[in-house]
Amino acid sequence: MKKSILSANAHSGDSQNVISIIQYNSDVESINARIKLQQNLFSFLLEGQKSVQYAGTQAKINPNQFLLLSSGNCLMSEKIAATNGRYRSILFFFDNKLLTDFFIRHPRELQPSTQKNNEEAFLVFDKDAFLIHFIESLSFMLAFDQPSSAEMRKVKLEELLLYLSEHYPEKIQRLRNFSYEADDDLLIRQAITANIYNAVTVEELAFLCHMSLSTFKRRFARMYGTSPNKWLLEKRMQKAAQLLKQGECKASEIYFELGYENLSSFIQSFKQVHGITPKQYQLSN
């Protein structure tokens, strides 16, 4: 079952904190959990796998990597480690105003571009020796009975941002607070284009676009002249017919990459559009 988390601040237990660091452990996998991040988030993965999906882009990381996520709506999936059945991470939340303040105080280290196409909803980093030790230092902070002070958390954020700006300047310069309100039509186009072949529901697409389901469907119909379900179905079945016509793939080999979680649903959808089963289609071509 997909869970819904309304606020990342709920993890910390204190919505007044502009910086919070928490340990997050789980032995249950989650798929496409709907997350409303009210703060920016460094997600340091320790065990398992994590994927995150915004309206127009997505990424998957392993324990050798970590994510910097901007505030906003996203879908998250967590996969437990095969070795011990655990998922572990450290979450580092901070307000956007702290990031803006960092940019102002370090103009030589960071000279952000004003070009809109440089805005990104998240950044992926590989862990190096320094970053591994930095994450270990966060673990030691969390091990104490008494929570760390606000000043200590601020110092750790400053340390991390300074290191990333010096060693990964091209990535940090691309970090901007993702604007979901600038162009709703553009956001819909980005979301639908990025998820044609993903197992994402129309309800989840509406969530990623910060819209109610009815608003999303209404705007989608105005832009594309049809419903999102029908549009996705036709696009996926066009791709399916193309792959099957090449004769190198069977339906059982392509249904998952076209956004279907089981073969029977794929066959049913294919027959709905083309009037025959995938196998019959291959034989006829």
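According to our numbering, the sequence shown is numbered sequentially starting from 406. We treat Cβ as the ideally placed atom computed from N, Cα and C, and that holds for glycine.
Contacting residues, own chain, Cβ-Cβ under 8 Å from residue i (five flanking each side not counted)
i    : result
E662 : Y602
G490 : D432
S674 : L638, R641, M642, Y665
N690 : L649, K650, G652
Contact under 8 Å by Cβ, residue i with residue j
i    : j    : result
S448 : F471 : yes
F444 : F498 : One detail in the question is off: residue 444 reads as Gln in this sequence, not Phe. Their beta carbons are under 8 Å apart, which means Q444 touches F498 by this criterion.
K441 : Q454 : no
R558 : I426 : yes
L480 : E609 : yes
L450 : L474 : no
L543 : I495 : yes
F549 : L565 : no
Whole-number beta carbon distance between residue j and residue i, since they are thought to touch under 8 Å
i    : j    : result
L649 : P683 : 6 Å
T462 : A526 : 6 Å
Y492 : N430 : 7 Å
C614 : A599 : No, C614 and A599 are not in contact; Cβ-Cβ is about 11 Å, not under 8 Å.
I593 : L503 : About 31 Å; that fails the 8 Å criterion.
A646 : I659 : Not quite, the Cβ-Cβ distance comes to about 11 Å (not below 8 Å), so this is no contact.
Residues of its chain near residue i, where Cβ-Cβ distance is below 7 Å and the 5 sequence neighbours each way are ignored
i    : result
Y573 : F530
K640 : I601
E666 : A604
C654 : L648
W636 : Y629
Extent of the continuous beta strand (DSSP E) to which residue i belongs
i    : result
E691 : Here the chain comprises residues numbered 406 to 690, so residue 691 is not present and cannot be evaluated.
I681 : Here I681 belongs to no beta strand (DSSP E), and DSSP marks it neither H nor E.
V529 : 527-531
S456 : 454-458
A464 : 463-466
N430 : 424-431
First and last residue of the uninterrupted alpha helix (DSSP H) at residue i
i    : result
I601 : Note, I601: premise wrong, no alpha helix (DSSP H); not H, not E.
K561 : 555-572
E658 : 656-659
E501 : As written in the sequence, residue 501 is Asn, which differs from the Glu given in the question. Run containing N501: 501-510, per the alpha helix (DSSP H) assignment.
A438 : Counting along the chain, A438 falls outside any alpha helix (DSSP H), though it belongs to the beta strand (DSSP E) covering 435-442.
S632 : Run containing S632: none; DSSP gives neither H nor E here.
Q613 : Position check: residue 613 holds Leu in this sequence, whereas Gln was assumed. Run containing L613: 607-613, per the alpha helix (DSSP H) assignment.
L663 : Careful: L663 lies outside any alpha helix (DSSP H) and carries neither H nor E.
F549 : Counting along the chain, F549 falls outside any alpha helix (DSSP H), and DSSP gives it neither H nor E.
Beta-carbon contacts of residue i that lie in its chain and below 6 Å, excluding the five residues immediately before and after
i    : result
Q687 : L649
S584 : With a pLDDT of only 38 at S584, under the threshold of 50, the placement of this residue in the model should not be trusted, and no figure is reported.
M546 : S553
Y459 : C479, A526
L569 : I577
E586 : Bear in mind that a pLDDT of 41 at E586, under 50, signals an unreliable position, so the model cannot answer this.
Contact test: residue i Cβ vs the ligand MN heavy atom, cutoff 7 Å
i    : result
M628 : Absent from the structure shown: the ligand MN. Ligands present: none.
CB contact below 8 Å: residue i versus chain C
i    : result
N667 : The structure shown contains no chain C; it is built from a single protein chain.
Any contact between the region 668-679 and the region 611-621? By contact I mean 3 or more CB pairs, one from each, below 8 Å. Segments in contact, no.
Can you find at least 3 beta carbon pairs, one from the region 483-499 and one from the region 623-636, that sit closer than 8 Å? Touching, no.
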